[in-house]
Amino acid sequence: MEVDRQDDAGSPVILDRDEDAESQRFSAIPAGRTGDNPCYYLVNKGRYVNSTSAHPYQPLGGSAVTMDLFRPNDDGYPWCTTPDGFGGVRLGNHTAPDERVLLTPGPASGGRLTVESGSSGASWALS
Numbered sequence: 137m138e139v140d141r142q143d144d145a146g147s148p149v150i151l152d153r154d155e156d157a158e159s160q161r162f163s164a165i166p167a168g169r170t171g172d173n174p175c176y177y178l179v180n181k182g183r184y185v186n187s188t189s190a191h192p193y194q195p196l197g198g199s200a201v202t203m204d205l206f207r208p209n210d211d212g213y214p215w216c217t218t219p220d221g222f223g224g225v226r227l228g229n230h231t232a233p234d235e236r237v238l239l240t241p242g243p244a245s246g247g248r249l250t251v252e253s254g255s256s257g258a259s260w261a262l263s
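With my numbering as the guide, the letters of the sequence shown map in order to residues 137 to 263.
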């Protein structure tokens, strides 16, 4: 995962080859729990990964994932984890108490990340 343009508000988050670049380093700040699953804010240079830039406070399937300043009480900012069964986690935003849109990579390296409903998402590692 990488920030496309680190200093720009609304910059897209893309999937790219891991090079340990500053634009690929995210802090995972605890953001509570949903049931047994921990949630985190993902932060890079003071901006937060979110799925609600185009429609504040309302995570919707098909939305682009971007970097923006923090917006309190917006369900598009906390990323809740679900074990994937292979040692990683799936990351998603809640759209309803028991429904999520999952962080999903585009079809090719360098593609924008989106959130998708009804998707199995991708496997991510938080370390």
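Where is the CB? At the ideal position from N, CA and C, for every residue including glycine.
**Asked** Should residue 209 go down as buried or exposed, given a rule of 16 or more other Cβ atoms within 10 Å for buried?
**Response** exposed
**Request:** Please determine, among 234, 191, 241, 254, the residue with the shortest C-alpha to C-alpha distance to residue 173.
**Result:** 234
**Asked** Whose C-alpha, out of 207, 259, 175, is nearest the C-alpha of residue 223?
**Response** 259
**Item:** Whole-angstrom distance between residue 148 and residue 186, CA atom to CA atom
**Value:** 10 Å
**Request:** Measure the C-alpha to C-alpha separation of residue 191 and residue 249 and round it to an integer number of angstroms.
**Result:** 16 Å
**Asked** The beta strand (DSSP E) with residue 230 in it runs from where to where?
**Response** 225-232
**Item:** Uninterrupted beta strand (DSSP E) stretches inside the stretch 167-252 (no shorter than 3 residues)
**Value:** Runs found: 173-180, 183-186, 202-204, 215-219, 225-232, 235-240, 250-252.
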